[in-house]
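In the working numbering, the protein residues as written are 1 to 137. Think of the CB as a built atom: it goes at the ideal place given N, C-alpha and C, for glycine as much as any other residue. For clarity, every value in this text was computed on a predicted model and none was experimentally measured.
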């Protein structure tokens, strides 16, 4: 288990939602204010509050977007497609490992069978984010 994974799991234990736990773990090296990221990611926990896309994956998507976007409002479409492609790739890896990327399915809301706990979703999303970041260096 990496240090980042341990940090994210601790943030989650301390009350951060899954998106916050993942996204805030990468703030320091990206030069992002952790308190601002905490606020940005708040609405993405619990599958954006409605148990859709896993919050941990939303946090991962935020980091991929932050590192891949060209950041040019006038030319927004220049990197958008590539960012979406990268996110799809890493969400698919998560899905292959855990059987779903949907919060309610991961939690077994309808089936009673938990596919992946929140701490494990956080850990997996952090590891995939680290894998992505290593691939762009």
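Taking the C-beta atoms as reference points, residue 18 is found nearer than 9 Å to residue 45. For residue 38, the enclosing alpha helix (DSSP H) starts and ends at 34-41. Bounds of the alpha helix (DSSP H) holding residue 5 are 3-13. About 7 Å separates the Cβ atoms of residue 129 and residue 22, confirming a contact at the 8 Å cut-off. The alpha-carbon separation between residue 103 and residue 38 amounts to approximately 20 Å.
By the Cβ neighbour-count rule, residue 58 is buried, with 16 or more other Cβ atoms within 10 Å of its own. Excluding residues up to 5 positions away in sequence, 104 lie with their Cβ nearer than 8 Å to the Cβ of residue 110 in the same chain.
The C-alpha of residue 24 is placed about 10 Å away from the C-alpha of residue 126. Assignment of residue 136 by DSSP, reduced to helix, strand and coil, places it in the coil class. The beta carbon of residue 114 sits closer than 7 Å to those of 107 and 108, all from its chain and outside the five residues before and after it, given in chain order. For residue 94, the uninterrupted alpha helix (DSSP H) segment begins and ends at 77-98.
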